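What follows is a short report on a single structure.
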């Protein structure tokens with residue numbers, strides 16, 4: 025089996041700009057893909073294609089040209105239900121859009137629907153299928169957002185990451201997933217699980233598409249298409265998760281690193297950094313302590329209606345006291361300072377985006393072991409698509425960059441994507 029990748033978006037946008045096609049024709053192409061694929065993939069919690077279609081012409085002069093954007097169902101939307109992946113909120117109709125939803129609208133995106141999420145963006149799986157690996161998990165908690173892009177149903181989607189919920193599903197679905205620097209994208213209107221960790225992230229078929237999407241949303245100079253940057257120096261760091269890597273992903277990352285070195289990159293070995301090991305362990309205390317407060321209402325009023333993994337997390341979270349939480353936050357601060365020191369000697373780090381290919385199950389979303397440290401440090405991280413295992417299943421290569429230097433990180437990821445393309 026060989027997974028097929030969705031078409032890159034930037035060439036389509038160029039054809040619209042040059043008058044070779046129209047925004048309405050492009051939108052209809054995605055709508056047809058939804059009609060054909062959604063009954064099998066089940067990426068959406070709510071769809072409103074006709075309302076979105078009526079907005080295309082008015083949005084076509086903006087950067088996103090009226091193309092459809094899918095929003096993870098943890099963000100409030102004024103014109104669509106927002107259930108946070110839970111039947112508790114099945115009737116919830118927010119009065120206003122979340123900030124990121126309004127950013128997408130103002131950039132010319134048409135909000136076509138809300139994508140499936142694990143309940144409250146934790147671990148209880150959705151029914152969403154992996155478009156490029158049927159029977160395998162698409163990851164979580166941004167399952168629907170990743171699957172909608174990977175299935176060619178939308179060019180762009182929005183998700184969130186608290187542990188690994190953008191980078192991991194992107195890896196499993198063979199697309200680009202970008203977790204920006206902490207708070208680059210606003211969380212206003214998001215149902216939080218852990219406010220110290222929750223980060224808004226973006227999905228698109230390629231790194232260049234994702235960078236364009238980020239630039240269109242924010243107005244920042246984040247585009248990397250057409251950029252001929254010098255080969256970045258790449259760091260290989262000794263952190264606890266390396267021992268959890270499947271052989272296939274370990275070999276894939278090293279093959280990419282060696283190819284990048286041949287293309288001019290300098291490879292820097294980063295040794296064992298004790299505080300990063302501590303931070304990797306401390307992630308859980310921060311997430312649990314904050315989730316106990318963020319979901320206190322649901323836990324007190326509706327505990328028995330919570331799905332088992334969320335309920336178990338909140339049961340355990342009641343035992344985390346402020347002293348353990350404060351110490352974990354202090355460790356996070358030390359880790360962030362250490363990352364500044366590390367990035368003083370190299371451009372970006374390279375790691376697996378996930379422990380291996382997508383597991384052959386829909387009963388688990390996989391593990392965030394290769395992502396949670398970088399969520400905690402707040403550094404930008406991107407899953408670069410293109411590598412596959414011997415069975416043709418997707419493997420993502422993760423690029424991590426310095427906090428606040430998202431363009432540099434995206435450019436390095438774009439370089440890596442080019443290196444991967446030349447390997448095939």
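Residue numbers (the working numbering): 25 to 448. All C-beta atoms in this analysis are idealised placements derived from N, C-alpha and C, irrespective of residue type, glycine included. The model shown is predicted, which means the values in this text are computed figures rather than measured ones.
Following the continuous alpha helix (DSSP H) through residue i, name the residue where it begins and the one where it ends.
| i | result |
| --- | --- |
| residue 326 | 320 to 326 |
| residue 73 | 73 to 77 |
| residue 234 | 231 to 242 |
| residue 344 | Taken as a continuous stretch (DSSP letters only), residue 344 belongs to no alpha helix (DSSP H), as it is neither H nor E. |
| residue 439 | 430 to 447 |
| residue 390 | Here residue 390 belongs to no alpha helix (DSSP H), and DSSP marks it neither H nor E. |
| residue 397 | 396 to 401 |
| residue 53 | 47 to 65 |
| residue 291 | Counting along the chain, residue 291 falls outside any alpha helix (DSSP H), though it belongs to the beta strand (DSSP E) covering 291 to 296. |
| residue 193 | 191 to 197 |
| residue 36 | 34 to 41 |
Taking residue i as part of the beta strand (DSSP E), name the residues at either end of that continuous run.
| i | result |
| --- | --- |
| residue 166 | Looking at the DSSP string, residue 166 is not in any beta strand (DSSP E), and its letter there is neither H nor E. |
| residue 407 | 405 to 412 |
| residue 206 | Looking at the DSSP string, residue 206 is not in any beta strand (DSSP E), and its letter there is neither H nor E. |
| residue 420 | 418 to 424 |
| residue 228 | 223 to 228 |
| residue 376 | 372 to 376 |
| residue 183 | 180 to 185 |
Would you check if the distance between the CB atom of residue i and the CB atom of residue j is smaller than 8 Å?
| i | j | result |
| --- | --- | --- |
| residue 195 | residue 419 | yes |
| residue 429 | residue 231 | no |
| residue 178 | residue 93 | yes |
| residue 312 | residue 340 | yes |
| residue 213 | residue 74 | no |
| residue 408 | residue 200 | yes |
| residue 168 | residue 68 | yes |
| residue 133 | residue 399 | no |
| residue 118 | residue 102 | yes |
| residue 248 | residue 30 | no |
| residue 19 | residue 197 | Absent from the model: residue 19. The displayed extent of the chain is 25 to 448, so no value can be given. |
| residue 258 | residue 297 | no |
| residue 335 | residue 402 | no |
| residue 294 | residue 262 | yes |
| residue 386 | residue 161 | yes |
| residue 84 | residue 404 | no |
| residue 389 | residue 164 | yes |
| residue 406 | residue 384 | no |
| residue 159 | residue 272 | no |
| residue 395 | residue 207 | no |
| residue 21 | residue 309 | This structure leaves residue 21 out entirely; the chain is present only between 25 and 448. |
| residue 123 | residue 210 | yes |
| residue 358 | residue 299 | yes |
Could you compute how far the alpha carbon of residue i sits from the alpha carbon of residue j?
| i | j | result |
| --- | --- | --- |
| residue 337 | residue 184 | 19 Å |
| residue 323 | residue 315 | 10 Å |
| residue 362 | residue 376 | 21 Å |
| residue 260 | residue 372 | 9 Å |
| residue 485 | residue 319 | Since the first residue of the chain shown is 25 and the last is 448, residue 485 is not available in this structure. |
| residue 458 | residue 138 | Given that the chain is displayed from residue 25 to residue 448, the structure contains no residue 458 and the question cannot be resolved. |
| residue 135 | residue 76 | 6 Å |
| residue 181 | residue 434 | 17 Å |
| residue 49 | residue 130 | 21 Å |
| residue 112 | residue 190 | 24 Å |
| residue 216 | residue 378 | 23 Å |
| residue 439 | residue 254 | 9 Å |
| residue 321 | residue 116 | 15 Å |
| residue 246 | residue 235 | 6 Å |
| residue 151 | residue 61 | 14 Å |
| residue 91 | residue 351 | 45 Å |
| residue 128 | residue 86 | 10 Å |
| residue 347 | residue 365 | 28 Å |
| residue 303 | residue 353 | 9 Å |
| residue 89 | residue 224 | 22 Å |
| residue 109 | residue 251 | 39 Å |
| residue 25 | residue 393 | Unreliable positioning characterises residue 25 in this predicted model, as indicated by a pLDDT of 36, which lies under 50. The coordinate reading is nonetheless provided below. Rounded to whole angstroms, residue 25 to residue 393 spans 27 Å at the Cα level. |
| residue 39 | residue 105 | 34 Å |
| residue 66 | residue 114 | 17 Å |
| residue 34 | residue 41 | 11 Å |
| residue 64 | residue 426 | 39 Å |
| residue 70 | residue 147 | 20 Å |
| residue 421 | residue 221 | 22 Å |
Verify the contact flag: residue i, CB atom, against every heavy atom of the ligand ATP, threshold strictly below 7 Å.
| i | result |
| --- | --- |
| residue 53 | Ligands in the displayed structure: none, and consequently the ligand ATP is not present. |
Margin query: Below 8 Å, how does it come out for the stretch 229 to 243 and the stretch 144 to 158: are there three or more Cβ pairs, yes or no?
Written below: Two segments are said to touch when three or more pairs of C-beta atoms, one from each, lie closer than 8 Å; by this definition the stretch 229 to 243 does not touch the stretch 144 to 158.
Check: Any chance the stretch 324 to 337 sits against the stretch 134 to 154, with 3 or more Cβ pairs inside 8 Å?
Finding: Flag = yes, the stretch 324 to 337 and the stretch 134 to 154 touch.
Item checked: Inside the stretch 77 to 141 only - alpha helix (DSSP H) runs reaching at least 4 residues -> If we require 4 residues or more, the alpha helix (DSSP H) runs fully inside the stretch 77 to 141 come out as 80 to 83 and 123 to 130.
Note to self: Taking contact to mean 3 or more Cβ pairs, one atom from each stretch, closer than 8 Å, check whether the stretch 403 to 420 and the stretch 264 to 276 are in contact.
What the structure shows: These segments touch.
Check: For the stretch 239 to 271, which segments carrying the beta strand (DSSP E) assignment without a break, of at least 3 residues, lie completely within its bounds, in sequence order?
Finding: Within the stretch 239 to 271, the runs of beta strand (DSSP E) that reach at least 3 residues and sit entirely inside it are, in chain order, 258 to 262.
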